[in-house]
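One structure is given here, and the rest of the page talks about it.
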Amino acid sequence: MFLLPKFNFRGMDNKLEFAQRLRDAMTAAGLEPRPGVLLNLFNTHYWGRSVTFQAVSRWLRGEAIPAQDKLIVLAGLLKVEPEILRFGLGVRQAIQDRRERWGNEGGYLERETFDAFLRLPAPQRKLIREIILTFAKVHDAATGDTAD
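In the working numbering, the protein residues as written are 1 to 148.
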């Protein structure tokens with residue numbers, strides 16, 4: 001069954017993992033992973049309202065994740081891609097796997113069907129989606145295959 005990849009979006013773990021990636025990116029960039037260092041670097045390159053020492057400390061301790069505009073600036077300063085800084089390398093691999101799967105398994109007929117599906121009104125798409133997922137679930141149960 002084709003489902004979206006599962007990511008770890010559980011609040012605190014996600015923040016702690018981000019903090020570790022941020023500290024690692026700072027170290028890789030030759031910076032000491034301390035709030036004062038990041039605060040000065042960030043505020044001299046960010047055109048919005050300056051962030052506080054407490055905000056940067058919370059990023060590094062895994063208590064908060066910066067907003068997208070700040071994340072993009074951080075990523076640029078630390079020379080790492082924003083999605084990698086935010087979600088880690090797993091997100092890139094999941095996207096790559098999904099693209100390869102679509103390229104390998106999705107032929108012309110599947111793409112034509114999917115395009116037609118997207119043209120349907122929302123209630124019909126919902127019904128078709130439920131039918132497809134039911135068939136996939138029955139198939140997975142019969143074959144012992146799981147999408148988890």
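For glycine and all other residues, C-beta sits at the position ideal for the given N, C-alpha and C.
Notebook entry, point to check: Given a threshold of 16 other Cβ atoms within 10 Å of its Cβ, counted over all protein chains shown, does residue 65 qualify as buried or as exposed?
Noted result: The residue given as residue 65 occupies position 65 in the sequence shown. It counts as buried.
Open item on the list: Assuming the contact rule is C-beta atoms closer than 8 Å, residue 128 and residue 117 should be a hit. Round their C-beta distance to whole Å, please.
Closed with: Start at 1 with the first residue of the sequence shown, and residue 128 comes out as number 128. Start at 1 with the first residue of the sequence shown, and residue 117 comes out as number 117. Confirmed, about 6 Å.
For this session: Indicate the three-state DSSP secondary structure (helix, strand or coil) for residue 44 in the structure shown.
Result: Your numbering for residue 44 matches position 44 in the sequence shown. DSSP places residue 44 in helix when its eight states are reduced to three.
*Pick out whichever of 22, 143, 133, 13 has its Cα sitting closest to the Cα of residue 76.*
In the sequence shown, the residue the question calls residue 76 occupies position 76. Nearest option by C-alpha distance: 22.
(Q) By the three-class DSSP mapping on this structure, what secondary structure does residue 145 have? (A) In the sequence shown, counting from the first residue as 1, residue 145 sits at position 145. Residue 145: coil per DSSP, three-state reduction.
Under the rule that 16 or more other beta-carbon atoms within 10 Å means buried, what is residue 59, buried or exposed?
Reading the sequence shown from its first residue, position 59 is the one you call residue 59. That one is buried.
* Closest by CA to residue 71, which one among 62, 16, 81? -> On the sequence shown, position 71 is the one that residue 71 refers to. Comparing Cα positions, the closest option is 81.
Distance, Cα to Cα, residue 126 vs residue 139? In the sequence shown, counting from the first residue as 1, residue 126 sits at position 126. In the sequence shown, counting from the first residue as 1, residue 139 sits at position 139. Distance between the alpha carbons of residue 126 and residue 139 is about 20 Å.
- Message: Quick check: the Cα distance between residue 111 and residue 91, rounded to an integer number of angstroms?
- Response: Here residue 111 corresponds to residue number 111 of the sequence shown, with the count starting at 1. Here residue 91 corresponds to residue number 91 of the sequence shown, with the count starting at 1. Approximately 24 Å, taken between the alpha carbons.
Can you give me the Cβ contacts of residue 83 inside the same chain, cut-off strictly under 8 Å, excluding the 5 residues immediately before and after it? Counting from one through the sequence shown, the residue named residue 83 turns up at place 83. The answer, listed in chain order, is 91, 92.
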